[in-house]
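Count the sequence shown with UniProt numbering and you get residues 1 to 285, in order. Written below as structure tokens is the structure these notes are about.
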Amino acid sequence: MSICWSRTPYDQDILPDLTRVTSAELQVGSDNDDEAIQGKLAEHKRRKARAQEEAWLEAERQEQAWLEEERAHAEAEVQRIEAACKAEEARKEAESWWADAGCLRCAWTNMPCLRSTDSKKRRMACNQCNELKEHCQWPVEGETSPGASSAGDKGKRKADVIKGAGDKEDDVEEGPSMKKTSAETRTSPVTGDQMECLIKVVEHMADNMAGLATAQKELYETYIKECFEFLAPEVTSDQDTTDEEDWDAEGLDEELVGLREEEEESWSQSESSDQAGAGSTGSQV
């Protein structure tokens with residue numbers, strides 16, 4: 001057995017005692033103990049499971065954070081689009097309404113009458129003006145500008161709608177006729193969607209009425225057919241009917257001939273009686 005010299009720091013002159021390696025004192029707590037090995041394996045498994053769980057939780061947290069960020073971004077985009085749409089609608093609504101240049105401002109509300117460019121809301125006036133039957137200078141048909149003159153209007157009248165501000169009387173040209181009842185002034189104009197719904201309802205009602213009429217007609221036909229079968233179960237053939245009609249016609253002809261003969265006899269008897277009466281009268285004279 002040869003011993004190789006190494007560069008270890010211990011004294012080379014002292015040989016290691018290999019017999020001490022197999023002693024019981026050195027074997028305590030070493031890898032040769034099964035319980036220690038099982039304990040180390042269990043600890044390693046626990047650490048590995050803990051690390052995997054922490055990694056899974058971290059991935060889940062990152063995914064949740066990403067989803068929250070995406071949701072917030074989508075909500076912000078939706079809000080931005082809604083705000084833009086509302087702003088556009090408000091702008092269009094503001095553009096569709098404009099104050100009439102000839103408005104005299106109601107004395108109670110001190111609010112000008114507005115005119116809409118929409119065909120469904122051509123002329124609007126406040127309730128006070130409607131109750132007083134006083135209207136502002138509405139443009140005549142064909143005028144598009146807000147300050148268009150109403151030269152084609154017929155007639156003039158005086159309106160005292162500035163009673164609270166001062167007793168001034170101004171000659172105001174009369175606009176188009178807007179005679180409305182209180183119920184009509186409170187009602188809003190019918191929109192296109194409401195008109196479509198109304199048309200659909202009317203069409204549905206018409207279809208139902210047509211189906212009901214058809215069903216009633218079929219019922220009446222069935223009823224009449226059953227009554228006819230019940231009242232006349234046996235119907236003669238066409239040949240029998242023709243024979244009976246021929247027989248009736250011949251009987252009528254014979255009756256007519258007999259009547260004519262009786263009439264001729266009566267006429268002859270009356271003539272003979274007249275002649276006899278005339279002869280007796282002549283003999284007496």
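The beta carbon of each residue, even a glycine, is placed where N, CA and C say it ideally should be.
Worksheet item: Where K86 and L219 are concerned, what is the direct C-alpha to C-alpha distance, given to the nearest angstrom?
Response: 58 Å
Worksheet item: Do you know offhand how far E89's Cα is from I81's?
Response: 12 Å
Fill in: As assigned by DSSP and simplified to three states, the class of T222
helix
Worksheet entry | Alpha-carbon to alpha-carbon, E58 and Q38 | 30 Å
Discussion item. Helix, strand or coil for T191? Go by DSSP, reduced to three states.
Written reply: coil
Worksheet item: What is the rounded straight-line gap between the Cα of K200 and the Cα of N208?
Response: 12 Å
Discussion item. What does the alpha-carbon distance come out to for the pair H204 and E221?
Written reply: 26 Å
Discussion item. Please tell me whether, using a cut-off of 7 Å, the distance from the CB of M205 to the nearest non-hydrogen atom of the ligand ZN is below it.
Written reply: Ligands in the displayed structure: none, and consequently the ligand ZN is not present.
Worksheet item: How many Å lie between E69 and A36 at the Cα?
Response: 49 Å
Worksheet item: Which runs of the beta strand (DSSP E), 3 residues or longer, sit entirely within the region 53 to 104?
Response: 97 to 99
Discussion item. Tell me the rounded alpha-carbon separation between W267 and G258.
Written reply: 14 Å
Practice prompt. Using the Cα positions of M195 and T214, report the straight-line distance between them to the nearest angstrom.
Written response: 29 Å
Discussion item. Distance check for I224 and Q269, CA to CA, integer angstroms please.
Written reply: 57 Å
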